[in-house]
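Asks: First to last, the protein sequences are chains X and R.
For the first sequence, numbering that gives the first Met the number 0 begins at 0 and goes up steadily by one.
For the second sequence, numbering that gives the first Met the number 0 begins at 0 and goes up steadily by one.
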Amino acid sequence: MPSVKTSFNRRSFLKTTAIAGGGMMLNFCWFTACESSSDKDAAPPAKAWFDFNGYLKIGDNGQVTIMSPNPEGGQNVKTSMPMIVAEELDVDWKDVIVEQAPLNTELYSRQFIGGSQAIRHGWNGLRMAGATARQMLREAAAQTWQVPVVEVTTRAGVLHHQASGQSTSYGEMAAAAAKLPIPEEVQMKEVKAFNIIGSSQKNVDGKKIVTGQPLFGIDTRQEGMLIAMIVHPPAFGVKLKSVDDTAVRAMPGIQDVFTVKVLEDDFERQHFDTCTFLEVVAIVGNTTWEVMNAKKAITIEWEPFAAYTEERTPYGSEKQTFTIPAGLENSADHLARMVESAALPRQVVRKDGDPEAAFKNAAKIIERTYTAPFLAHNCMEPMNFFAHVTAEKAELIGPLQKAELTEKTLSARLGLPVEAINIQLARLGGGYGRRSYAHWVVEAALISQKMNAPVKLIYTREDDMTGGIYRPAYQATYRAAIDADNNLTGLHINAGGIPESPLYANRFPAGAVDNYLAESWIVNSNITIGSFRAPRSNFIACAEQSFLDEVAEAVGTDPIDFRLALLQRAKDKPVGENNDYDAERYAGVLELVRDQSDWGNTPANTHRGVAAYYCHNSYSAQVLEVKVEDNKPIVERVSCAIDCGIVINLDAAINLSEGAIVDGIGNALYGELTFKDGVPEKNNFHQYRMIRMSEAPKKIAIHFVQNDIDPTGLGEPAFPPVFGALANAMYQATGKRLYDQPFNLD
Amino acid sequence: MANFNLKINGKNHQLDVDPATPVLWVLRDHLHLVGTKYGCGIAQCGACTIHLDGVAMRSCIIPVSAVRDQAITTIEGLSEQGDHPVQQAWLEHDVPQCGYCQAGQIMSAAALLSDNTKPSDEDIDMAMHGNICRCGTYTRIKAAIKTAAKVG
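1. Mark T72 (chain R) as exposed unless 16 or more other C-beta atoms lie within 10 angstroms of its C-beta, in which case mark it buried.
2. Going by the CB atoms, is the gap between M692 (chain X) and I123 (chain R) shorter than 9 Å?
3. I'd like the list of long-range same chain contacts for A128 (chain X), defined as Cβ closer than 7 Å, with 5 residues on each side in sequence excluded.
4. Measuring only between beta-carbons, confirm whether K141 (chain R) sits less than 9 Å from chain X.
5. Between which two residues does the beta strand (DSSP E) harbouring T320 (chain X) extend?
6. Taking G113 (chain X) and P68 (chain X) to be in contact with their CB atoms under 8 Å, please state how far apart those CB atoms are, rounded to whole angstroms.
7. Using 10 angstroms around the beta-carbon of Q319 (chain X), count the other beta-carbons present and answer buried if the total reaches 16, otherwise exposed.
8. Under three-state DSSP, which class holds K39 (chain X)?
9. For chain B, is any of its Cβ atoms less than 9 Å away from the one on I633 (chain X)?
10. How far does the beta strand (DSSP E) with R607 (chain X) in it reach, from first residue to last?
11. Which residues in chain X sit within 7 Å of H31 (chain R), going by Cβ to Cβ distance?
12. Taking the alpha carbon of A305 (chain X) as the reference point, which residue from X:T322, X:A173 and X:Q595 has its own alpha carbon closest?
13. Tell me whether M337 (chain X) is buried or exposed, calling it buried when 16 or more other Cβ atoms sit within 10 Å of its Cβ.
14. With distance defined between alpha-carbon atoms, name the residue in X:N377, X:V454 and X:V97 nearest to M464 (chain X).
15. Would a C-beta distance cut-off of 9 Å place L424 (chain X) and A117 (chain X) closer than the cut-off?
16. Relative to chain R, which residues along the segment 241-263 of chain X have a C-beta separation below 9 Å, given in chain order?
17. Does the beta-carbon distance from A443 (chain X) to A227 (chain X) come in below 9 Å?
18. Compare the C-alpha of E263 (chain X) against each of X:Q254, X:S330, X:T273 and X:V256 and name the closest.
19. Nearest to H128 (chain R) by alpha carbon, out of R:L30, R:D28 and R:G45?
20. With three or more C-beta pairs closer than 8 Å as the rule, is the segment 12-30 of chain R touching the segment 107-121 of chain R?
21. For the segment 423-448 of chain X, which residues have a CB atom closer than 9 Å to at least one CB atom of chain R, in sequence order?
22. Below 7 Å CB to CB, which residues in the same chain sit around P81 (chain X) once its five sequence neighbours on both sides are set aside?
23. Counting Cβ pairs, one atom from each stretch, are 3 or more of them under 8 Å apart for the segment 350-360 of chain X and the segment 510-521 of chain X?
24. Tell me the DSSP secondary structure of D579 (chain X) in three-state form.
25. Given a threshold of 16 other Cβ atoms within 10 Å of its Cβ, counted over all protein chains shown, does E624 (chain X) qualify as buried or as exposed?
26. Quick one: list the residues of chain R neighbouring F684 (chain X), beta-carbon separation under 7 Å, in chain order.
27. Can you check whether the CB of H685 (chain X) is closer than 9 Å to the CB of I41 (chain R)?
28. Quick one: residues in its chain with C-beta nearer than 6 Å to the C-beta of N202 (chain X), no 5 flanking neighbours on either side, listed in chain order?
29. Mind pulling the beta strand (DSSP E) runs of 3 or more residues that sit fully within the segment 0-28 of chain R?
30. Starting from E75 (chain R), find everything on chain X with Cβ-Cβ shorter than 9 Å and list it in chain order.
31. Let me know if H333 (chain X) comes out buried or exposed under the rule of 16 or more other beta-carbons within 10 Å of its beta-carbon.
32. Determine, for C378 (chain X), whether the minimum Cβ-Cβ distance to residues of chain R falls below 9 Å.
33. Where does G156 (chain X) land, buried or exposed, given buried means 16+ other C-beta within 10 angstroms?
34. Check whether the Cβ atoms of A540 (chain X) and P720 (chain X) lie closer than 9 Å to each other.
35. Here's a check: name, in chain order, each residue in its chain whose Cβ is nearer than 6 Å to the Cβ of M382 (chain X), leaving out the five neighbours to either side.
36. Which stretch, first to last residue, makes up the beta strand (DSSP E) that contains S241 (chain X)?
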């Protein structure tokens with residue numbers, strides 16, 4: 000049987016121990032009851048349903064309802080995660096009904112999306128949920144037929160006993176099976192026996208999406224529901240001084256206007272409680288249009304705030320103190336301050352060998368500096384949440400990436416026990432990290448509490464784009480020492496950002512260069528930042544992969560061969576310790592993309608660039624093929640190789656990776672948010688340029704490495720390499736290296 | 000406030016609203032037709048695309064008073080069974096990721112194909128330029144439009 004290492008390490012409801020020789024010990028402490036779904040009306044005509052565990056129930060008609068534990072943000076988890084359960088249950092996918100589970104920390108663990116970890120962390124639990132129910136069905140059939148359980152086989156929802164010729168459906172055996180004790184040991188399928196995992200199954204919400212059915216948080220409606228909007232400070236560095244709501248209160252449809260303290264000053268913050276707009280003005284009314292009009296008419300005075308510190312506990316880390324400076328910041332000063340900080344003493348994060356000597360003795364030194372601006376996430380569905388808070392409980396519905404963590408913040412702010420907070424997970428109209436930072440959920444709940452009524456809070460696009468939680472601005476200087484024989488003898492990375500460093504000191508090329516120095520610095524800011532699809536990696540990959548391209552050229556080596564030689568070194572004789580990548584898998588994606596792109600045979604009039612990166616436990620390498628016309632890049636073709644272990648839903652995985660590439664090209668060419676006197680200089684899509692259809696690549700080919708490794712991340716890993724591959728292709732086309740994002744060819 | 004009689008998806012609706020209310024919010028808040036999405040409010044993203052007498056329009060900037068007797072079609076009314084060739088092609092290509100922009104994309108694509116049954120790549124780029132997909136499903140959208148063009 001497959002050897003599966005458990006990845007449950009927090010409050011596991013399923014504890015697993017792999018045992019030699021077969022089987023897997025299961026120690027259950029989960030409920031067998033299945034929480035009701037939010038969409039009961041859609042239940043099929045089964046007369047009875049039998050609960051097997053929190054993930055699945057089987058109807059007497061053979062249909063299976065599988066709960067998808069994690070919220071769906073476009074990465075396909077609502078289809079892919081149930082596919083894993085269905086595989087081990089051995090049921091026909093057409094008999095599966097998928098329901099979105101609500102937040103339930105008793106039944107499920109890690110109901111997050113973020114860090115490309117939903118499938119990776121869900122893998123074992125989902126498989127065991129299916130395998131356990133299958134085992135119970137086999138036991139029930141064995142008892143009914145009076146035959147040994149080992150002789151009972153399954154195929155696509157049917158139980159068979161070959162010797163006696165008996166067979167029956169799961170539906171017929173479900174009642175008896177659900178009564179059996181949960182087995183302590185179950186056999187899971189061999190990877191080669193998978194037939195659902197690795198196939199292509201359609202998005203379970205596809206029909207609802209294309210017919211416009213209510214599905215997203217913003218579509219939520221309840222009887223008596225009011226609409227709320229907030230006014231947040233127009234600039235970073237100011238806070239609320241006074242509100243004149245006289246005119247607004249008299250406007251049609253307006254119910255109330257009040258201020259909301261989002262987090263109290265002494266609030267004990269967890270990592271995702273990032274918020275600089277600590278006090279906002281809420282306007283509550285009957286309809287969205289009426290509240291929008293009131294929002295335009297309100298008079299608010301703002302005043303500068305003084306510098307302060309706040310403590311936050313980064314996820315999975317120790318409590319840290321963050322300094323929030325006073326002042327109205329400007330992008331021009333940001334660039335100058337990054338240059339200054341890079342020249343000041345820095346934190347040495349990793350040092351191998353003797354980098355000083357390597358640079359002193361170098362025949363040639365190449366030094367290049369890369370920068371990138373703040374970016375807004377710009378989820379197409381603006382931040383919104385439904386809340387109905389009463390004296391006893393809080394009902395919340397909406398798009399949220401880390402509900403389990405938000406629940407604690409809500410509990411503290413509302414003065415209700417965690418058990419009284421119920422969160423339904425709506426489909427997210429995009430997340431990309433933004434919806435992990437749930438200040439707007441707290442705002443919705445506090446507004447509902449004050450109104451003592453159901454309320455839907457909606458941000459305008461302008462509120463959303465100017466509301467903070469941006470991808471930080473970054474700078475990285477790379478220096479290479481090259482000896483007389485064109486060997487890379489030293490590498491120095493000096494990287495920082497506002498207010499976070501993008502450095503991953505233990506990633507490639509660490510481990511492949513004898514003399515290595517990685518240093519870090521930060522510049523404090525009152526502009527809030529947050530995770531943005533492959534945080535830090537999305538910048539540092541571009542700097543690193545652009546730089547390696549330049550070094551490869553300087554030493555006269557093909558850029559793929561150059562990287563492969565470094566990876567060979569890291570594999571054969573790694574330098575230093577804690578190298579955070581598998582050199583063989585890294586080389587594997589480069590070799591695959593080299594072969595699939597027919598590297599070395601560039602079509603006439605086009606130009607190619609390559610880049611590769613490892614993040615979120617997965618590897619991706621890409622070759623972009625561009626033409627430049629009128630100083631405008633046209634991406635003809637992208638070849639992309641990915642090693643994310645076992646692929647669950649093949650076509651959806653391809654879709655997700657295609658999207659990462661389009662997203663990367665868009666952000667590399669246009670993504671930028673600048674500030675003037677603390678005010679974001681763009682507030683809607685007439686100013687913030689997003690990639691459009693005509694600018695997307697004409698052709699994208701995604702190639703997955705085939706292996707039996709447990710699945711790893713996919714939402715993020717294909718995103719970081721795009722920037723560097725584009726920069727390197729553009730260099731081939733124009734002879735001009737691109738160091739600053741967004742790339743400007745003029 | 001004023002009374003309006005709107006023809007939406009083949010049905011008449013009477014309502015009493017501020018004449019300046021954009022059609023988007025009339026659909027979403029007053030008639031509970033939430034398939035038409037709010038994305039920007041300034042006709043820059045296409046999430047709110049509807050048809051007015053068959054022409055693709057951004058409902059977020061059209062005041063309800065400007066509609067008069069023009070027939071409104073929303074994503075909910077594009078087809079009775081959700082089987083318009085564009086909707087079918089979207090399912091065949093499994094286009095959506097998050098899905099939020101897709102109603103607007105489908106409405107723009109359906110309007111394009113009703114005018115131009117054999118659009119070139121450039122025609123598609125032009126017609127779809129006003130619709131942003133933040134997840135980056137553009138290559139699939141284009142492929143689905145070509146599939147729908149063959150069927151339709």
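Every residue gets a Cβ at the ideal spot worked out from N, C-alpha and C, and that includes glycine.
Only a predicted model underlies this, so the values are computations on that prediction, with no experimental measurement involved.
Replies: According to the structure data:
1. Stepping through the second sequence from its first residue, residue 72 (chain R) is reached at position 73. Its Cβ being crowded by 16 or more others within 10 Å, T72 (chain R) is buried.
2. As a position in the second sequence, residue 123 (chain R) is number 124, starting the count at 1. As a position in the first sequence, residue 692 (chain X) is number 693, starting the count at 1. A distance below 9 Å separates the beta carbons of I123 (chain R) and M692 (chain X).
3. Here residue 128 (chain X) corresponds to residue number 129 of the first sequence, with the count starting at 1. Once the five neighbours on either side are set aside, the close Cβ partners of A128 (chain X) are N52, Y54, L55 and V84.
4. Here residue 141 (chain R) refers to the residue found at position 142 when the second sequence is read from its first residue. Closer than 9 Å to the CB of K141 (chain R) there is at least one CB belonging to chain X.
5. Here residue 320 (chain X) is taken as the residue at index 321 of the first sequence, counted from 1. Boundaries of the beta strand (DSSP E) around T320 (chain X): Q319 to I323.
6. Translated into the one-based positions of the first sequence, residue 113 (chain X) becomes position 114. Translated into the one-based positions of the first sequence, residue 68 (chain X) becomes position 69. Your pair G113 (chain X) and P68 (chain X) does not check out as a contact, with CB atoms roughly 14 Å apart and the cut at 8 Å.
7. Stepping through the first sequence from its first residue, residue 319 (chain X) is reached at position 320. So Q319 (chain X) ends up on the exposed side.
8. Translated into the one-based positions of the first sequence, residue 39 (chain X) becomes position 40. Any reading at K39 (chain X) must be qualified, since the residue scores a pLDDT of 37, below 50, and its modelled position is unreliable; no value is offered.
9. Here chain B cannot be found, since the structure's protein chains are X and R.
10. If you number the first sequence from 1, residue 607 (chain X) lands on position 608. It spans H606 to C614 - the beta strand (DSSP E) in which R607 (chain X) sits, taken as one unbroken run.
11. Against the second sequence, residue 31 (chain R) aligns to sequence position 32. For H31 (chain R), the residues of chain X that pass the 7 Å Cβ criterion are R220, in the order they occur in the chain.
12. Within the first sequence, the letter at position 306 stands for residue 305 (chain X). Ranking X:T322, X:A173 and X:Q595 by Cα distance to A305 (chain X) puts X:T322 first.
13. As a first step, residue 337 (chain X) must be located in the first sequence, where it is residue number 338. Result: buried.
14. Position 465 of the first sequence, counted from the start, is the residue given in the question as residue 464 (chain X). Comparing Cα-Cα distances from M464 (chain X) to each of X:N377, X:V454 and X:V97, the minimum goes to X:N377.
15. On the first sequence, position 425 is the one that residue 424 (chain X) refers to. On the first sequence, position 118 is the one that residue 117 (chain X) refers to. Contact: no.
16. Those residues of the segment 241-263 of chain X placed with their C-beta closer than 9 Å to a C-beta in chain R are P251 and G252, ordered along the chain.
17. Residue numbering aside, residue 443 (chain X) sits at position 444 when the first sequence is read from its first letter. Residue numbering aside, residue 227 (chain X) sits at position 228 when the first sequence is read from its first letter. A contact, by the Cβ cut-off of 9 Å.
18. Start at 1 with the first residue of the first sequence, and residue 263 (chain X) comes out as number 264. When only C-alpha atoms are compared, the closest one is X:T273.
19. To locate residue 128 (chain R), count along the second sequence from 1; it is residue 129. Of R:L30, R:D28 and R:G45, the residue nearest in Cα terms is R:G45.
20. Short answer: they don't touch.
21. Residues passing the 9 Å Cβ filter: R426, L427, G428, G429, G430 and Y431.
22. Taking the first residue of the first sequence as 1, we reach residue 81 (chain X) at position 82. Beyond the five residues adjoining it in sequence on each side, P81 (chain X) comes within less than 7 Å, by CB distance, of I65, S67, V95 and V97 in the same chain, given in chain order.
23. With a cut-off of 8 Å, the segment 510-521 of chain X and the segment 350-360 of chain X count as touching, because enough Cβ pairs lie within range.
24. Your numbering for residue 579 (chain X) matches position 580 in the first sequence. Correct three-state label for D579 (chain X): coil.
25. Indexing the first sequence from 1 puts residue 624 (chain X) at position 625. Burial state of E624 (chain X) is buried, judged by a 10 Å Cβ sphere holding 16 or more other Cβ atoms.
26. Position 685 of the first sequence, counted from the first residue, corresponds to residue 684 (chain X). Neighbours of F684 (chain X) on chain R, chain order: C39, Q43, C44 and I131.
27. Against the second sequence, residue 41 (chain R) aligns to sequence position 42. Against the first sequence, residue 685 (chain X) aligns to sequence position 686. Yes, the Cβ-Cβ distance between I41 (chain R) and H685 (chain X) is below 9 Å.
28. As a first step, residue 202 (chain X) is located in the first sequence; it is residue number 203 there, counting from the start. Cβ neighbours of N202 (chain X) within its own chain (closer than 6 Å, five residues either side excluded): T78.
29. Those beta strand (DSSP E) runs which fall completely within the segment 0-28 of chain R and span 3+ residues are 1-7 and 10-16.
30. Here residue 75 (chain R) refers to the residue found at position 76 when the second sequence is read from its first residue. Contacts between E75 (chain R) and chain X, judged by CB atoms closer than 9 Å, involve T210, G211 and Q212 in chain order.
31. The residue you call residue 333 (chain X) lines up with position 334 of the first sequence. By the neighbour-count criterion, in which 16 or more other beta carbons inside 10 Å mark a residue as buried, H333 (chain X) falls on the buried side.
32. The residue labelled residue 378 (chain X) in the question sits at position 379 within the first sequence. Judged by the 9 Å Cβ criterion, C378 (chain X) is in contact with chain R.
33. Sequence index remark: in the first sequence, residue 156 (chain X) carries index 157 (1-based). The residue in question, G156 (chain X), is buried, as its Cβ has 16 or more Cβ neighbours within 10 Å.
34. Looking up residue 540 (chain X) in the first sequence gives position 541. Looking up residue 720 (chain X) in the first sequence gives position 721. Yes, they are a contact pair.
35. In the first sequence, residue 382 (chain X) corresponds to position 383, counting from 1. Once the five neighbours on either side are set aside, the close Cβ partners of M382 (chain X) are W439, Y458 and D463.
36. Numbered from 1 along the first sequence, position 242 holds the residue referred to as residue 241 (chain X). V237 to D243 is the extent of the beta strand (DSSP E) around S241 (chain X).
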